[in-house]
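Report on one structure; see the data block that follows.
Residue numbers (the numbering used here): 10 to 274.
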């Protein structure tokens, strides 16, 4: 007789636990093991829009928005509570998409929309081109003249900080056709027994802070009303037995576009 005994059937609960443990067991990896099929990636159909990455905003972009908010408070368009809320949002913004709504309901400086201000300037006026002339990298950041001279004129880009030195020499900085890397630029002038002349177009704000010892920082010409979007030029430095002269002068083409008055007989 055989001693083998018939196996008892497993209880339903134990069978259920073993089956579940087998389902949760990790698959055996090896040369002969087959990997589970990967889920196919959803194809991009022709003509289907692809989400573009958000462009990052710079510190200069945030400062431009903050400056516009300050102007809006001065004009009575925003109260202090709204200004504080938008100010915090501006400094916390990281992309252009976050900055744009903060000034969407505000017109340009002076209450004139940007498009209307550009159209009112007429042909040949710098005002219509200011939004396109602010931004980019500076062409050069230093100019030195020792018993010689230097000149920057025509189409060039003024950096955020520009240093000009004239020792027994002279320099000429013409900003009438220049672009500006930022809305506010600082030009530091050192003139020792020499002179530096800076020419700006009308409508540009000029802030002169230089110190003269047996020398002078002299601003000539009337800048006229500030143009919306025009840059701010800060002139500082030191002049000894020399001088720094800031002139306000329109381009020759702008003078020709102005109507001439007829002399009365």
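By construction, the Cβ of each residue, glycine as well, lies at the ideal position given by its N, Cα and C atoms.
Small disclaimer: the values here were computed from a predicted structure and weren't measured.
{"query": "In three-state DSSP terms, what is residue 57?", "result": "Reliability fails at residue 57, whose pLDDT of 47 lies under 50, so the model's placement of it is uncertain and no value is given."}
{"query": "How should residue 220 be labelled, buried or exposed, when 16 other C-beta atoms within 10 angstroms of its C-beta is the threshold for buried?", "result": "exposed"}
{"query": "Which word fits residue 139, buried or exposed, when buried means at least 16 other C-beta atoms lie within 10 angstroms of its C-beta?", "result": "buried"}
{"query": "Measure from the alpha carbon of residue 182 to the alpha carbon of each residue in 83, 164 and 192, then state which is nearest.", "result": "164"}
{"query": "For a test of the three-state rule: what should DSSP assign to residue 200, helix, strand or coil?", "result": "strand"}
{"query": "Taking all protein chains shown into account, do 16 or more other C-beta atoms lie within 10 angstroms of the C-beta of residue 168, making it buried, or fewer, making it exposed?", "result": "buried"}
{"query": "What number of angstroms, rounded off, separates the C-alpha of residue 89 from the C-alpha of residue 205?", "result": "43 angstroms"}
{"query": "Is it the case that the Cβ atoms of residue 252 and residue 216 are separated by a distance below 8 angstroms?", "result": "no"}
{"query": "Would you report the Cα separation of residue 194 and residue 100, rounded to the nearest angstrom?", "result": "21 angstroms"}
{"query": "Quick one: residues in its chain with C-beta nearer than 7 angstroms to the C-beta of residue 31, no 5 flanking neighbours on either side, listed in chain order?", "result": "Legend: pLDDT at residue 31 = 43, less than 50; position of this residue unreliable, no value from coordinates given."}
{"query": "Are the beta-carbon atoms of residue 179 and residue 166 separated by less than 8 angstroms?", "result": "no"}
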